[in-house]
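First comes the structure, then the notes that go with it.
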Ligand SMILES: NC(=O)c1ccc[n+]([C@@H]2O[C@H](COP(=O)([O-])OP(=O)(O)OC[C@H]3O[C@@H](n4cnc5c(N)ncnc54)[C@H](OP(=O)(O)O)[C@@H]3O)[C@@H](O)[C@H]2O)c1
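In the working numbering, the protein residues as written are 1 to 103.
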């Protein structure tokens with residue numbers, strides 16, 4: 001399965017990505033910064049999102065901002081932009097990790 005992991009550079013992503021690869025999934029990390037094999041995209045501006053989700057069977061959405069200044073733009077606006085891009089690309093599954101007691 002082709003899997004795109006947003007926030008794959010973060011705490012949870014760094015733990016999950018090797019497990020996906022080990023399980024045989026064609027796994028791409030999405031980050032705002034270029035890295036080997038990574039998809040470069042920004043959830044706030046939307047830059048790169050369409051290209052990042054293209055061809056993915058599943059998106060695991062782990063990108064997150066704990067900072068009050070950017071939280072709404074990443075968590076709400078960014079997740080909305082990601083959902084729209086994923087729907088436009090025909091992505092079949094999107095897994096969103098929530099957190100205990102989130103409103
Ligand atoms: N860690 C935990 O113990 C824990 C527990 C329960 C739930 N969760 C949930 O799991 C998810 C991931 O948590 P985490 O601790 O792994 O977060 P994290 O370490 O803060 O990583 C979040 C990642 O989001 C990416 N990101 C931030 N702003 C972005 C933007 N504008 N566009 C694209 N990517 C952006 C960053 O990647 P780049 O800097 O490379 O762009 C960063 O690596 C969150 O939803 C969190 O609530 C985490």
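Glycine included, C-beta positions come from ideal geometry on N, C-alpha and C.
Query raised in the report: Just checking, does the segment 58-70 make contact with the segment 86-100 on the three C-beta pairs under 8 angstroms criterion?
Result: Yes, the segment 58-70 is in contact with the segment 86-100.
Query raised in the report: Does the beta carbon of residue 63 fall short of 7 angstroms from some heavy atom of ligand 1?
Result: Yes, the Cβ of residue 63 comes within 7 angstroms of a heavy atom of ligand 1.
**Report entry** Rounded C-alpha distance that separates residue 14 from residue 8
**Finding:** When rounded, the distance between both Cα atoms is 6 angstroms.
Query raised in the report: residue 25: which of 70, 68, 2 sits nearest, CA to CA?
Result: Answer by Cα proximity: 2.
Query raised in the report: Under the rule that 16 or more other beta-carbon atoms within 10 Å means buried, what is residue 45, buried or exposed?
Result: Looking at its Cβ environment, which holds fewer than 16 other Cβ atoms inside 10 Å, residue 45 is exposed.
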